[in-house]
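Written out below as structure tokens is the structure these notes cover.
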Amino acid sequence: MIFYIKNMVCMSCQVVVKYELEKLGLTQHKVEQGNVEIFEPISAEQILEFKLALIRSGMELMDNKKNLLVEKIVYVITEMIDYGQNELKTNFSYHLSEKLNHDYTYLANIFSEAKGTTIEQFIILKKIQRVKQLICDKELNLTEISWKMHYSSVAHLSTQFKKITGVTPSHFKQSGCNSETLPQMCEL
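Residues 1 to 188 in UniProt numbering are what the sequence shown spells out, letter by letter.
Shown next as structure tokens:
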């Protein structure tokens with residue numbers, strides 16, 4: 001049985017889900033970003049306990065088809081930005097349509113209705129969050145980061161970064177990376 005989970009967008013969320021399943025005595029499962037597959041019988045009582053545990057952790061068991069689709073959109077975007085290959089072979093809209101087997105306009109409308117923002121704005125926010133992480137990792141310079149994140153230039157990245165954060169990437173780097181300047185990816 002596959003369960004889809006809202007707000008399960010990072011590795012720490014997966015650890016929490018795995019822990020909660022094991023607390024319920026469910027050991028035969030596969031936890032992935034956004035969903036969990038359970039290979040053993042699960043009672044209605046265990047499902048209820050699992051739902052409550054997820055809510056306490058800021059997640060939610062999904063049952064509405066539109067909400068499931070929105071979470072799948074979030075997952076595909078997160079996967080492309082955080083784990084995508086260096087060379088972007090298609091644009092985001094085409095990739096989302098292909099991955100989710102829906103027209104992009106339909107996906108965009110459902111997403112905007114549920115999240116109160118556009119897919120494009122969400123992608124920008126996720127990209128800037130990832131740029132912050134890469135800056136704090138100190139493994140890549142700004143030129144390499146702009147290339148990795150598929151910006152047309154460092155200037156484009158810097159402009160977008162400042163528009164979203166209020167500071168330039170250089171100023172962000174100089175100010176240091178701490179919990180205030182680098183919120184967790186789970187929060188988006």
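Quick reminder that beta carbons are idealized off the backbone N, C-alpha and C, glycines included.
As the structure is a computational prediction, the values presented were derived from the model and not from experiment.
What three-state label does DSSP hand E37 in the structure shown? Here residue 37 refers to the residue found at position 37 of the sequence shown. Residue state, collapsed to three classes: strand.
Would you say the segment 159-175 touches the segment 98-118, given that touching needs at least three Cβ pairs under 8 Å? no
Flag this pair as yes or no: are the beta carbons of M149 and V167 separated by less than 7 Å? For this step, residue 149 is matched to residue 149 along the sequence shown. For this step, residue 167 is matched to residue 167 along the sequence shown. Contact: no.
Spatial neighbours of T78 within its chain, please: CB distance less than 6 Å, with the 5 preceding and 5 following residues excluded, ordered by chain position. Along the sequence shown, read from residue 1 onward, the residue named residue 78 stands at position 78. Hits under 6 Å: V9.
I need the boundaries of the beta strand (DSSP E) containing E139, first residue and last residue. One-based indexing of the sequence shown puts residue 139 at position 139. From DSSP, E139 is part of no beta strand (DSSP E); its letter is neither H nor E.
K6 beta carbon less than 7 Å from that of M62: Position 62 of the sequence shown holds residue 62. Position 6 of the sequence shown holds residue 6. Cβ distance < 7 Å, so M62 and K6 count as in contact.
Are at least three pairs of beta-carbons, each pair with one atom in the segment 46-61 and one in the segment 22-38, less than 8 Å apart? The answer is yes - the segment 22-38 touches the segment 46-61, with three or more Cβ pairs under 8 Å.
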